[in-house]
Amino acid sequence: MRLFTFLLACLLLSGLSYAQTTPPKRPLPIIDVHVHAMRVSPSFSIEMCPWFLKDMPGSDPGQPVNAFLNGECVDPLQPAKSDQEMQEAVLATMERLNMTIIAYGDPQILHKWKKAAPDRVIPGIGVSSPDEMTVKAFTDSLSSGFYKVMGEVAPQYRGLSPSDMSLDQYFAVAEKLNVPVGIHMGTGGNGMANLTQPKYRASLGRPFLLEDVLARHPKLKIWVMHAGYPMLDEMIALMGANAYVYVDLAGFIWSYPQAEIHAYLKRLVQAGFGKRILYGTDFMIWPKLFEASISVIENADYLSFDQKRDILFNNAVRFFRLDASKFK
Ligand SMILES: [Zn+2]
């Protein structure tokens with residue numbers, strides 16, 4: 084018994100000296116390529132249950148439309164209540180997870196985040212339709228040096244194909260300035276066309292619609308946001324034909340049923356594209372969404388440690404031409 088007490092004391096003491104001399108170990112770095120820097124708005128400040136689309140409601144046009152999100156579960160994620168709370172939560176999460184984000188959205192919010200965490204925020208600017216910004220204004224913004232990425236580009240919500248000629252000059256600028264482009268392709272949740280986006284067309288999320296813009300701009304680096312979900316065969320065929328196209332896993336990773344997410348991701352890896360998959364959250368207003376979404380990758384038992392590291396970090400370093408030594 085005395086020996087046991089002695090051993091326990093040794094163990095505690097050695098643990099204590101270890102804690103005193105060794106700095107806390109930082110987790111392996113993560114790059115999240117799909118973060119929205121949003122203003123907190125009271126009308127959108129609602130609780131959310133991840134993977135809520137596992138049970139899409141049966142609806143009728145005679146009934147009120149179903150909400151875009153669902154907060155009916157045991158432990159819904161809480162939204163940030165103010166811009167300040169949001170910024171503090173995002174910064175704390177980036178520190179805790181050793182995470183760098185590619186973020187786009189409200190320019191003022193983005194500037195604040197960048198100022199507060201210059202090494203952890205890579206800003207992007209998106210154009211989804213020519214009425215949002217002239218080509219000159221877009222060129223000037225990119226040339227300012229603040230923005231390193233073009234995204235999120237979401238012509239699908241405007242009823243446009245990504246290869247629509249009205250967007251072509253913007254892509255030409257990105258190609259010339261060597262700026263990678265993220266294009267929304269695929270999912271929009273349940274009933275997007277009935278809810279707020281009457282021009283949204285599922286068919287405009289087909290990955291093959293990127294072929295013309297890729298052919299016109301052979302040096303353009305495009306990543307397909309939301310991995311073109313659910314059009315897996317077209318996605319695989321497009322990536323096979325175009326060696327520089329990558330995908331991100333944002334949005335569907337926390338909204339669709341988990342078995343469906345894993346089936347999609349597993350097939351992309353099985354088809355040989357493990358080096359072209361980027362981790363992305365599609366973060367909006369719920370600080371805990373980062374950890375909830377990353378856990379999907381960490382719990383994917385069909386992925387090796389190296390495959391997870393590729394998705395969470397290495398592929399983004401390669402795609403965005405970053406310096407890996409800066410992330411230690
Ligand atoms: Zn999107």
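Counting along the sequence shown from 1, when you hit position 238 you're at 321 in my numbering, and nothing is skipped either side. We treat Cβ as the ideally placed atom computed from N, Cα and C, and that holds for glycine.
Going by C-alpha positions, GLN252 is about 7 Å away from VAL218. Residue pairing by DSSP puts ALA120 in a beta bridge opposite GLY188. About 11 Å separates the Cβ atoms of ASN181 and PRO107, ruling out a contact at the 8 Å cut-off. Unbroken alpha helix (DSSP H) runs of no fewer than 4 residues, entirely contained in the segment 210-256, are found at 218-226, following chain order. Taking each of MET367, LEU386 and TRP369 in turn and checking the Cα distance to PHE356, the smallest one comes out for LEU386. Here MET233 is not near ALA199, since their CB atoms are 8 Å or more apart. Rounded to whole angstroms, the gap between the alpha carbons of LEU321 and THR105 is 48 Å.
For GLY234, the Cβ stays outside the 7 Å cut-off from all heavy atoms of ligand 1.
In this chain, GLY355 is not harboured by any alpha helix (DSSP H), its DSSP state being neither H nor E.
About 6 Å separates the beta carbons of TYR362 and LEU332, which is inside the 8 Å limit, making them a contact pair. Within the model, the alpha-carbon separation for PRO213 versus MET308 is close to 20 Å.
Shown here for ILE113: same chain residues with a beta carbon closer than 8 Å to its own, the five before and five after excluded, namely LEU180, ASN181, MET182, THR183, TYR362, ILE377, LEU395 and PHE396 in chain order. Taking the Cβ of GLY228 as the reference point, every heavy atom of ligand 1 lies at 7 Å or farther away. With a threshold of 16 other beta carbon atoms within 10 Å, ALA237 meets it and is buried. DSSP places GLY323 inside the alpha helix (DSSP H), whose first and last residues are 315-324. Residue pairing by DSSP places VAL296 in no beta bridge whatsoever. Bridge partners of HIS267 according to DSSP: MET308. A distance below 7 Å between beta-carbons, with the five flanking residues on each side excluded, links ILE305 to the following residues of its chain, in chain order: VAL264, ILE266, LEU293, LEU297 and VAL328.
Contact between the segment 131-138 and the segment 202-212 is absent: fewer than three C-beta pairs spanning the two stretches fall below 8 Å. Distances between the C-beta of ALA186 and the heavy atoms of ligand 1 are all 7 Å or more. Between HIS119 and MET275, the C-beta spacing is not below 8 Å. Counting only residues of its own chain and dropping the five nearest sequence neighbours on each side, TYR347 has a CB closer than 8 Å to the CB of ALA310, TYR312, PRO313, LEU315 and PHE335. Residue nearest to HIS194 within the set ALA220, ASP166, VAL210 and TYR240 is ASP166 (criterion: CA-CA distance). Looking at the DSSP output, TYR329 sits in a beta bridge with TRP306. Distances taken from the Cβ of ASP143 to the heavy atoms of ligand 1 include none shorter than 7 Å. Ligand 1 never approaches ALA175 closely enough for any of its heavy atoms to be under 7 Å from the residue's Cβ. Apart from sequence neighbours up to five positions away, the residues of its chain that approach LYS358 with a beta-carbon distance below 7 Å are ASP393 and ASN398, ordered along the chain.
DSSP places THR279 in the coil class of the three-state scheme, outside both helix and strand.
Assignment of LEU160 by DSSP, reduced to helix, strand and coil, places it in the strand class. For VAL173, the closest of GLN353, LYS371 and SER128 by C-alpha to C-alpha distance is LYS371. Distances from the alpha-carbon of PRO159 to those of GLY209, TRP369, LYS411 and SER408 put TRP369 closest.
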